[in-house]
Amino acid sequence: MKDIPITVSIVTFKERKELVKKLITNIRSLEGEGFDLLLMVNGNNEEEMDDEYRVEMLNFCSTVKRCYPYFYPEFKSLSKLWNNCVVFSKTNYNFIICDDVSYKDSEILTNIRSHINKTQEEFFKVNNEFSFFVVTKEMLHRVGYFDERLIAHGNEDGDIIYRYQDLMKKDFPSVRISGLENGACYDLQSNLVDYTHRKPTVNMKIMNQKYEIGTGGMEVMTAQLKKRWPDEKQYPYEMFIWKNKHNIQKFSELETPYE
C-alpha cells in the first residue's frame, strides 16, 4: 500500500482545552510521530484571547513532536479555520477532525490510506459525518473552499456538499472507519446566539439567503437546495503556490497558474 503523506488538523477553542489535549495525546500514542499535527486555536466571539490559555496551549504543544499551533486572537469562522487547515499544511491530503471526538484505534490512518489507494477519492466524510473528513488541497481548490461568508459555525457541511455534488455530478463520498466516534459537545457555553445545539443563528440565516430550500433542488443531507448567490473565488493563488513551492531558487522552471 502506498504510504500517502497526510496532515492531521484539529480546530479548538478555550472551553475545549482538556478535550483537545486528550485527543492529541491519544493520536500520538496510537499513531506515532510520523506526520504533522496542526492545531487551529480559535478566539471566542468578542472576547480577548485568554493569555493564560494561550501560554498553556503553547507549552503543551511544545511537548508534542511535529505539533504546530496557530492562534487566532479573535473569533474566526469554522469555514476559515478548516480552509486554513488545508492552506497551512505541507501535504496534499489532509485529515481534519473535531476536538471533541474519540480516537481509539491505531489503524485509523492506515485504513484511510487504504481507502484512498483503493478509490482515489480526494474528498470524503468518515462514518458519514463531518466531524472527521479527508480532503486534498487540489480538490478543495476545485470546489472553491469552505464558504467564509458563513461567518460563525454551522451549515459548512451542507454548503460544501452542494458545491461538490454540483461540480462532480455524484453523491458526496463517505467511508466507514472504526475507532472514531463523534462526541458532539454542543452543551458548552457560548456567547453566540444559537438556534439548535448551540450553533449560531447567523449561519442559518446566511444559508437561507444563499439557497432556496424546498422541492425540486439538489438533494443535500436532509434538504433540497437551489442556489441563489454565486460563489466568490477564494484563495485564488493557492494552487500556484502549491505547484511552485519547490521552485523558489529555479525561477525559469515556474509552472503556469493553476485554474
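In this note's numbering, the protein residues as written are 41 to 299. Where a beta carbon is used, it is the ideal one built from N, C-alpha and C, also for glycine. Source: prediction; values computed, not measured.
C-beta contact flag for residue i and residue j at 8 Å
{"i": "Asp140", "j": "Leu59", "result": "yes"}
{"i": "Leu77", "j": "Val48", "result": "yes"}
{"i": "Tyr110", "j": "Tyr185", "result": "no"}
{"i": "Glu196", "j": "Leu118", "result": "yes"}
{"i": "Val174", "j": "Phe212", "result": "no"}
{"i": "Met89", "j": "His181", "result": "no"}
{"i": "Ile46", "j": "Ile200", "result": "no"}
{"i": "Asn222", "j": "Glu169", "result": "yes"}
{"i": "Tyr133", "j": "Ile44", "result": "yes"}
Residues sharing a beta bridge with residue i, DSSP
{"i": "Ser142", "result": "Glu221"}
{"i": "Cys125", "result": "None; Cys125 has no bridge partner."}
{"i": "Pro213", "result": "Paired residue(s): none; Pro213 is not in a bridge."}
{"i": "Pro276", "result": "Answer by DSSP bridge pairing: none, since Pro276 is not bridged."}
{"i": "Tyr110", "result": "Met80"}
{"i": "Met258", "result": "Leu265"}
Helix, strand or coil at residue i according to DSSP, with G and I counted as helix
{"i": "Val48", "result": "strand"}
{"i": "Gln249", "result": "helix"}
{"i": "Gln264", "result": "strand"}
{"i": "Val99", "result": "Before going on, a small fix: residue 99 reads as Asn here, not Val. Of the three classes helix, strand and coil, the one that applies to Asn99 here is helix, per DSSP."}
{"i": "Phe173", "result": "strand"}
{"i": "Val242", "result": "helix"}
{"i": "Lys165", "result": "strand"}
{"i": "Tyr202", "result": "helix"}
{"i": "Ile137", "result": "strand"}
{"i": "His193", "result": "coil"}
{"i": "Gln229", "result": "Residue placement at Gln229 is flagged as unreliable, the pLDDT there being 46, under the threshold of 50; the coordinate-derived value follows with that caveat. Gln229 falls in the coil class under three-state DSSP."}
{"i": "His286", "result": "coil"}
{"i": "Glu55", "result": "helix"}
{"i": "Met208", "result": "helix"}
{"i": "Asn26", "result": "As shown, the chain starts at 41 and ends at 299. That puts residue 26 outside it, with no answer to give."}
{"i": "Lys116", "result": "coil"}
Residue i versus the options, residue with shortest Cα-Cα distance
{"i": "Arg216", "options": "Phe172, Cys138, Lys54", "result": "Phe172"}
{"i": "Leu207", "options": "Gln264, Val183, Glu88", "result": "Val183"}
{"i": "Tyr108", "options": "Leu265, Cys125, Phe115", "result": "Cys125"}
{"i": "Lys130", "options": "Phe75, Phe100, Thr255", "result": "Phe75"}
{"i": "Thr255", "options": "Lys267, Lys245, Ile246", "result": "Lys267"}
{"i": "Lys54", "options": "Gln289, Asn85, Thr176, Pro45", "result": "Asn85"}
{"i": "Asp271", "options": "Leu149, Glu188, Lys165, Lys285", "result": "Glu188"}
{"i": "Phe115", "options": "Thr103, Glu87, Asp91, Val104", "result": "Glu87"}
{"i": "Ile148", "options": "Thr159, Gln160, Val166", "result": "Val166"}
{"i": "Lys245", "options": "Gln289, Tyr277, Gly194, Lys209", "result": "Gly194"}
Own chain, CB closer than 8 Å to residue i, minus 5 neighbours either side, in chain order
{"i": "Lys57", "result": "Tyr93, Glu96, Met97"}
{"i": "Leu121", "result": "Val51, Met80, Asn82, Tyr112"}
{"i": "Tyr143", "result": "Leu63, Asn66, Ile67, Leu70, Ile137, Gly219, Leu220"}
{"i": "Gly198", "result": "Met247, Val260, Met261, Ala263, Leu265"}
{"i": "Gln205", "result": "Asp211, Phe212, Met258, Val260"}
{"i": "Asp234", "result": "Low confidence applies here, because Asp234 scores a pLDDT of 48, under 50, leaving its location unreliable and the question unanswered by this model."}
{"i": "Lys273", "result": "Gly184"}
Own chain partners of residue i with C-beta closer than 7 Å, once the 5 adjacent residues on each side are dropped
{"i": "Tyr202", "result": "Met258, Val260, Leu265"}
{"i": "Phe100", "result": "Lys61"}
{"i": "Ser146", "result": "Leu70, Glu71"}
{"i": "Ala192", "result": "Ser117, Leu232, Pro240, Val242, Asn243"}
{"i": "Met179", "result": "Glu162, Phe163"}
{"i": "Trp282", "result": "Lys177"}
{"i": "Phe128", "result": "Leu78, Tyr110"}
{"i": "Tyr251", "result": "Leu265, Lys266, Lys267, Arg268"}
Same chain, Cβ closer than 6 Å to residue i, five either side skipped, listed in chain order
{"i": "His155", "result": "Val215"}
{"i": "Gln229", "result": "Caution applies to Gln229, whose pLDDT of 46 falls short of 50 and renders its modelled position unreliable; the model cannot decide the point."}
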